[in-house]
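Only one structure is covered here, and it is reproduced in the block below.
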Amino acid sequence: MPTTPNEKGDVARLLKEVTLLPTASIVDLGSGWGGMARFLAKTYPDHPVIGYEESWFPYLISKWMQWIRPLSNLTFKKENFYRADLSKVGLVYCYLFRAGALRVEKELLPKLPATAQLISLAFAFPNTIPIRQVPTMGLWNGAAYLYNSTRAD
Ligand SMILES: C[S@@+](CC[C@H](N)C(=O)[O-])C[C@H]1O[C@@H](n2cnc3c(N)ncnc32)[C@H](O)[C@@H]1O
Numbered sequence: 037m038p039t040t041p042n043e044k045g046d047v048a049r050l051l052k053e054v055t056l057l058p059t060a061s062i063v064d065l066g067s068g069w070g071g072m073a074r075f076l077a078k079t080y081p082d083h084p085v086i087g088y089e090e091s092w093f094p095y096l097i098s099k100w101m102q103w104i105r106p107l108s109n110l111t112f113k114k115e116n117f118y119r120a121d122l123s124k125v126g127l128v129y130c131y132l133f134r135a136g137a138l139r140v141e142k143e144l145l146p147k148l149p150a151t152a153q154l155i156s157l158a159f160a161f162p163n164t165i166p167i168r169q170v171p172t173m174g175l176w177n178g179a180a181y182l183y184n185s186t187r188a189d
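Written out as C-alpha cells, the structure reads:
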C-alpha cells in the first residue's frame with residue numbers, strides 16, 4: 037500500500053527530529069512503488085537514498101518513475117532488505133506490517149550503526165520505546181514512530 041500525501045506530511049514532521057551525518061545514507065526497507073523513497077531523496081538531496089524492494093511489479097514501477105523523472109541521489113535495488121549492507125546507514129524508513137516490524141526490530145535494529153535512527157510508519161516496534169511519535173491519518177489511522185538505534189558501539 038503506497039503512502040498517502042498526509043502520511044508523507046506526518047513522516048516529514050518526524051524528519052525534523054532526525055540528525056544525519058554528512059556521509060550517511062537513507063534506506064527505505066520495502067520501497068514498494070518508490071513514492072516515499074522519492075520523497076526522502078527530494079528532502080535530502082545531499083544524501084544517497086536506496087529503496088529495497090523484493091517484488092518485481094512495484095520495483096519495476098519505481099524504476100520506471102526513475103527513468104521518467106530521475107533523481108541523482110536515488111537508487112532502487114531488487115533485493116531482500118534483510119540481506120542488505122546497512123553499515124553506513126543514518127536513517128532507516130519502513131512501512132511494513134506487524135510481523136515485519138517485529139522482525140526488523142529483532143534482526144536489524146540491533147545491527148544498525150550507533151548513530152542511526154529509524155522511522156516506522158503505522159507499525160510500532162513492540163519492544164522498543166520510540167523517542168517520538170506522531171499520529172497519522174492514513175489507511176491505518178495510527179502513528180509514525182521514530183527510534184534511535186539500540187546498538188552500543
Ligand atoms: C506497504 S509497502 C511500503 C511501500 C513504501 N515503503 C511506502 O512507504 O510507500 C511494503 C513493501 O515492502 C516490501 N517488502 C516486504 N518485505 C520485504 C523484504 N524482506 N525485502 C524487500 N522488500 C520487502 C513489499 O513487497 C511491499 O512492496
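If you're matching positions, the sequence shown starts at 37 in the working numbering and goes up one per residue. Cβ coordinates follow ideal geometry from the N, Cα and C atoms, glycine included. Owing to the predicted nature of the structure, the values given are computational and were not obtained by experimental measurement.
| Item | Value |
| --- | --- |
| In or out: T39 buried (at least 16 other Cβ within 10 Å) or exposed? | buried |
| Which residues does DSSP list as the beta-bridge partners of A179? | P171 |
| Quick one: any contact between the region 104 to 115 and the region 135 to 151, if contact means 3 or more CB pairs under 8 Å? | no |
| Shorter than 7 Å, the distance from the beta carbon of N42 to the closest heavy atom of ligand 1, or not? | no |
| Which residues mark the beginning and the end of the alpha helix (DSSP H) in which L76 is found? | 71 to 79 |
| If you check the beta carbons only, do L145 and V63 fall under 8 Å apart? | no |
| Quick one, are the C-beta atoms of Y129 and M173 less than 8 Å apart? | no |
| Output needed for R119: all residues of its chain with C-beta closer than 6 Å, excluding positions within five of it in sequence on either side, in chain order. | none |
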